[in-house]
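Notes follow once the structure below has been shown.
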Amino acid sequence: TMDTHYENYLETLEGKKLPVVHCQKGTQGWELCPEIAAFEGTRFEKPSFASLDLGRYVGGREYKSVELAGLCTDICVISNAMLIKAVLPGTPVKVDSSCCAGVTPESHKNALEAMKMCQIDVL
């Protein structure tokens, strides 16, 4: 998923609670780094913490497991992991903690612990 915001970000509820312009579509900060951009696959732009399009995409399909990584562990990763867990309750959901980072080391750790409590496997 790609956190995607627009010029009106600071006017949104998220922007009022997190008044830091980031991931504005079309800017360098929104672009994927070249190492990630090189991978083929479906990308979901999302204006909120979790991607409902991702949930619709994985819903109704069968997977042996689903593994996530990304930024920020304590905001987007946990939100998408919980979304996938809700959509695919019988599928193991995993988060590779070595490929994630939170806003702070403490909030990263807290998010990992919260996911463990919700039966998400933290690697």
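Residue numbers for the sequence shown follow my numbering, so the first one is -15 and each next one is one higher. The beta-carbon is built from N, C-alpha and C at its ideal position, and this holds for glycine as well. If you're wondering where the values come from, they're calculated on a predicted model, not measured in any experiment.
Those residues which DSSP pairs with Asp105 across a bridge: Position 121 of the sequence shown, counted from the first residue, corresponds to residue 105. According to DSSP, Asp105 bridges with Lys78.
Residue from Cys84, Ser32 and Phe23 whose Cα sits closest to the Cα of Lys1: Here residue 1 refers to the residue found at position 17 when the sequence shown is read from its first residue. Looking only at Cys84, Ser32 and Phe23, the smallest Cα-Cα distance to Lys1 is reached by Ser32.
As assigned by DSSP and simplified to three states, the class of His(-11): In the sequence shown, counting from the first residue as 1, residue -11 sits at position 5. Note: His(-11) maps to strand in three-state DSSP.
Pro89 to His6 span [Cα, whole Å]: As a working note, residue 89 is residue 105 in the sequence shown. As a working note, residue 6 is residue 22 in the sequence shown. The straight-line gap from Cα to Cα measures roughly 20 angstroms.
Proximity below 8 angstroms, CB of Ile68 to CB of Val50: Counting from one through the sequence shown, the residue named residue 68 turns up at place 84. Counting from one through the sequence shown, the residue named residue 50 turns up at place 66. Judged by their CB atoms, Ile68 and Val50 are nearer to each other than the 8 angstroms cut-off.
DSSP bridge partner residues for Lys30 (one or two, in chain order): Here residue 30 refers to the residue found at position 46 of the sequence shown. In the DSSP output, where bridge partners are listed per residue, Lys30 has Asp(-13).
Glu46 in three-state terms, based on DSSP: As a first step, residue 46 must be located in the sequence shown, where it is residue number 62. Coil, per DSSP.
Residues that Gln8 bridges to, as DSSP identifies them: Taking the first residue of the sequence shown as 1, we reach residue 8 at position 24. DSSP, once it has assigned bridges, lists His(-11) as partnering Gln8.
Reference Gly54; option with closest CA among Asp105, Met101, Tyr47 and Val79: Taking the sequence shown and counting its residues from 1, the one referred to as residue 54 is at position 70. The option with the nearest alpha carbon to Gly54 is Val79.
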